[in-house]
Amino acid sequence: MINIYNIIDVSSWSQNYAAQASGTRVKHWLIDPETNQLVLAKWPSISLGEIYAEKISSEIGHYINIPVMKAEIGNYKGELVVLAYNFLNTGEVLIEGGDFFEEYHREIKSNRLPPDYTFQRIKEILEPKSLVSEFVDMLLFDSLIFNTDRHQDNWGICRKEGNLRLAPAYDNSSSLGWNLSDQYFESIYEDPQRLEMFIYRSPTHIGYNHTTKRKHFELMQHLKQVEPVLFSSSLEKIEILTEQLIQDIVNNIPEELMSDLRKKIIIEILWKRRNLLLEMR
Numbered sequence: 031m032i033n034i035y036n037i038i039d040v041s042s043w044s045q046n047y048a049a050q051a052s053g054t055r056v057k058h059w060l061i062d063p064e065t066n067q068l069v070l071a072k073w074p075s076i077s078l079g080e081i082y083a084e085k086i087s088s089e090i091g092h093y094i095n096i097p098v099m100k101a102e103i104g105n106y107k108g109e110l111v112v113l114a115y116n117f118l119n120t121g122e123v124l125i126e127g128g129d130f131f132e133e134y135h136r137e138i139k140s141n142r143l144p145p146d147y148t149f150q151r152i153k154e155i156l157e158p159k160s161l162v163s164e165f166v167d168m169l170l171f172d173s174l175i176f177n178t179d180r181h182q183d184n185w186g187i188c189r190k191e192g193n194l195r196l197a198p199a200y201d202n203s204s205s206l207g208w209n210l211s212d213q214y215f216e217s218i219y220e221d222p223q224r225l226e227m228f229i230y231r232s233p234t235h236i237g238y239n240h241t242t243k244r245k246h247f248e249l250m251q252h253l254k255q256v257e258p259v260l261f262s263s264s265l266e267k268i269e270i271l272t273e274q275l276i277q278d279i280v281n282n283i284p285e286e287l288m289s290d291l292r293k294k295i296i297i298e299i300l301w302k303r304r305n306l307l308l309e310m311r
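Every letter in the sequence shown is one number past the one before it in this note's numbering, and letter 127, counting from 1, is 157.
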């Protein structure tokens, strides 16, 4: 059912100058006047595709019961922005994934990824905290939405005293063909072989067997081998994604952000990826 998502005018929302926002994009912490919740307004760094990617990812996560950061579409003084809702509970702090890699130093710009940025290494970090299953869910989610940028600081652990939980999947803007033109999508849509290559070649930063930057479906095959129970449990979550549900989620994006052509192609790619993942059982 078509029910276009609202574009929320946040031009008059108060800014929270005490809260810090990491990363390279222009962003401001705002305060929702109705709920007093902190909301991070993020300006797209390259294209408006970053906004629709965050919103679609948020909606998909909600329906398949995988924790994903709540995202809305905002308008700040005439500019379209992502509204990323604070996911930390009172008293919680976020420990970014990069903080668990002793050999990784953010200040060295050439160190884009930690050495041995693999599932095995991440499992060593998360297993003592009983958070591996949640991370497998996140990796499956990334494979579905073809998120190409789950680097070490795009995941983390929320901590309050002795209580730990994996943070919801956040910073999902590098997904769903966010940076590709309508012309490119049309060209691969008209060529079944190119479309298939596009689907199978989507990359992920996270590797395995001491090799980084694998393809999403390669990583999924690896998880099927090394974590069959967790992988099977994660797959069950995406079965709820019917073709109609995918259509409803994508078609509700305002036309300012997605053309009808782009919506049509993204719907088909998501449906194909969903089915390819389920075929791995």
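Cβ coordinates follow ideal geometry from the N, Cα and C atoms, glycine included.
Would residue i and residue j be called neighbours here (beta carbons separated by less than 8 Å)?
i    : j    : result
L113 : A101 : yes
I296 : L206 : yes
Q182 : Y147 : yes
L210 : I268 : no
L308 : Y93  : no
T178 : T234 : yes
G104 : V166 : no
E122 : K190 : yes
L287 : Y82  : yes
Q45  : N116 : no
Secondary structure at residue i, three-state DSSP: helix, strand or coil?
i    : result
P63  : coil
Y82  : helix
S44  : strand
H58  : strand
N305 : helix
I187 : strand
E126 : strand
Counting C-beta neighbours from all protein chains within 10 Å, is the total for residue i 16 or more, i.e. buried, or is it exposed?
i    : result
I283 : buried
Q213 : exposed
P198 : buried
H240 : exposed
G186 : buried
Q244 : A small correction: the amino acid at residue 244 is Arg; Gln does not occupy that position in the sequence shown. R244 is buried by the Cβ-count criterion.
S160 : exposed
D172 : buried
G91  : buried
Quick check on this structure: which residue in the options has the alpha carbon closest to the alpha carbon of residue i?
i    : options             : result
N33  : K302, I279 and M288 : I279
G127 : L143, F117 and N119 : L143
Q150 : Q255, D172 and L194 : Q255
Go through the stretch 201-264 residue by residue and report every complete run of the alpha helix (DSSP H) that reaches 4 residues or more, in order.
212-219, 222-230 and 246-256
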